[in-house]
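Novice: In the working numbering, the protein residues as written are 178 to 332.
(1) Does the Cβ of residue 267 have 16 or more other Cβ atoms within 10 Å, making it buried, or fewer, making it exposed?
(2) For residue 250, which residues of its own chain have a beta-carbon under 6 Å away from its beta-carbon, when the five flanking residues on both sides are left out?
(3) Bridge partners for residue 187 per DSSP, in chain order?
(4) Does the beta carbon of residue 303 fall short of 8 Å from some heavy atom of the ligand MN?
(5) Between residue 292 and residue 218, which are expected to be in contact by the criterion C-beta below 8 Å, what is the C-beta distance as a whole number of angstroms?
(6) Among the candidates 210, 300, 189, 209, whose CA atom is the shortest distance from the CA of residue 200?
This is the structure in structure tokens:
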């Protein structure tokens, strides 16, 4: 590999045999085998940033079947309701804070590319970055914020 090339796990270790995309096991695997990861951020109605690709649950293949039928939208749910959604492996949809706390336990700082997937996501993510940096979970220099929504990141 070229010296300056960086390898990021897309949605963590997306196709790792034991981990679904955008889950804590996928993130842990990517952070121990690559230079960092890319993940997706959507906020709940009360502004809590979650790591999930689609805000509508029915499009996420690794949740229980009840969610696939009902298709709630995380952006319209309170964080307490989002925290109750159980994935097939028994875990919950991770929050940005969970990823930052995981990152704190690594021997070296890894790149964390947070892709903002919905409007009104940047401010809560920036607030969480400030919080996590104060707790020494992350260093601001390891964070990349990306989005297809130019208005969201042009604050």
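Ideal Cβ positions, reconstructed from N, Cα and C, are used throughout, including at glycine.
Computed from a prediction, not measured in an experiment: that's the story for all the values here.
Specialist: For this structure:
(1) exposed
(2) 232, 233
(3) 215
(4) The ligand MN is not among the ligands present in this structure, which contains no ligands whatsoever.
(5) 7 Å
(6) 189
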